[in-house]
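See below for the structure under consideration.
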Amino acid sequence: PIPDGFDYDHMRGLSAEVSAKLKRVRPATLGQARRISGVTPAAISLLLVHLHRSRGTPAMQAEGINASPAGGLPPDAYAAVSRLP
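Using the numbering used here, you'd call the opening residue of the sequence shown number 35 and step up by one each time.
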């Protein structure tokens, strides 16, 4: 599932056109996003990777830490946090 209020503006590599379509439709799942006209397979792959990373590592999940920029971490800390054991 794609979280409510997911911020497509912070996704690097996503075209402005695809970002606008995703923000307008607000799909609940990747399957719904995939069926939006103009949303490319590459954009879906990027969305999948971003969703996976935003959930953080299992250790972070156990501690209740959110690795997404909306979770309070600065964007430059994002890469370092995603490598935590």
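All C-beta atoms in this analysis are idealised placements derived from N, C-alpha and C, irrespective of residue type, glycine included.
Source: prediction; values computed, not measured.
Assign residue i to buried or exposed, taking buried as 16 or more other Cβ atoms, counted over all protein chains shown, within 10 Å of its Cβ.
i	result
His84	buried
Would you say residue i and residue j are within 7 angstroms of each other, going by their C-beta atoms?
i	j	result
Ala77	Val52	yes
Lys57	Gly72	no
Gly47	Leu81	no
Pro61	Ala67	yes
Pro37	Thr63	no
Is residue i close to the ligand GDP? I mean its beta-carbon at under 6 angstroms from any heavy atom of the ligand.
i	result
Arg60	Of the ligands one can find in the structure shown there are none, so the ligand GDP has no counterpart to examine.
Does the CB of residue i have a neighbour CB from chain C at under 7 angstroms?
i	result
Asp38	No chain C appears in this structure, which consists of one protein chain only.
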